[in-house]
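J.: Have a look at this one.
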Amino acid sequence: MYTIREGKIEDLPRIFELIEELALYEKAPEEVTNTVAMMEKDGFGPNPVYGFFVLEKDSSQEIIGTAIYYYRYSTWKGKRLYLEDYIVTEKERGKGAGKLLFERVMKKSIEENCTGMMWQVLDWNDPAINFYNKYNAAIEGGWYNCHLQSTEIRERLGQ
């Protein structure tokens, strides 16, 4: 019914469409400043900084989902897999495809000797929270996400 495989460079245009769909769902389409060209360089250049899985529907080989991940290091926990984006098209949700994709990411974390995996979920995204609760995921509060854009960094550094 579904096939999960490592992503390839030629998958990136469709993956980028899924990223834009997710941003729209998360009410932040204007936040997407990445491009397919940047993803090609960052994922398939000499020092790839992320990897991804592709979820295909067997009957059509249509890409209906993706899981984009990278590794981070926790001084408290060690090497962790960070799940940046986990996307399944709306029409395929609730059919088991998302479970297969999520469990493939879990398996990857074990294959790569990670001490665990992490991700974020918006506090209003009840379907996702309910899905993660099925895995007994710890959903923590009390931490704020902090970030600086490169333009802000350059400005602060006087560059």
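Following the UniProt record's numbering, the numbering of the sequence shown begins with 1 at its first residue and continues without gaps. Where is the CB? At the ideal position from N, CA and C, for every residue including glycine. Fair warning: this is a prediction, and the values are worked out from it, not measured in the lab.
Does the stretch 57-66 touch the stretch 24-32, meaning 3 or more C-beta pairs lie closer than 8 Å?
T.: no
J.: The beta strand (DSSP E) spanning residue 74 covers which residue range?
T.: Looking up residue 74 in the sequence shown gives position 74. Run containing residue 74: 62-74, per the beta strand (DSSP E) assignment.
J.: By Cβ distance, which residues of its chain are closer than 6 Å to residue 5, with the 5 residues on each side in sequence left out?
T.: Looking up residue 5 in the sequence shown gives position 5. Closer than 6 Å at Cβ, skipping near neighbours: 54.
J.: Could I get the ranges of all uninterrupted alpha helix (DSSP H) runs contained in the UniProt domain "N-acetyltransferase" (2-158), with 4 residues as the minimum, in chain order?
T.: 12-25, 36-44, 97-111, 126-133 and 150-157
J.: Verify whether the separation of the beta carbon atoms of residue 81 and residue 112 is less than 8 Å.
T.: As a first step, residue 81 is located in the sequence shown; it is residue number 81 there, counting from the start. As a first step, residue 112 is located in the sequence shown; it is residue number 112 there, counting from the start. Cβ distance < 8 Å, so residue 81 and residue 112 count as in contact.
J.: Based on Cα-Cα distance, which residue from 124, 1, 106 and 134 lies nearest to residue 59?
T.: Stepping through the sequence shown from its first residue, residue 59 is reached at position 59. Ranking the options by Cα distance to residue 59, first place goes to 1.
J.: Drop a sphere of 10 angstroms on the beta-carbon of residue 39, count the other beta-carbons inside from all chains shown, and report buried for 16 or more, exposed for fewer.
T.: Taking the sequence shown and counting its residues from 1, one reaches residue 39 at position 39. Buried: at least 16 other Cβ atoms inside 10 Å.
J.: Relative to the C-alpha of residue 86, which candidate in 150, 15, 141 and 151 has its C-alpha closest?
T.: Taking the sequence shown and counting its residues from 1, the one referred to as residue 86 is at position 86. The candidate whose alpha carbon is nearest that of residue 86 is 15.
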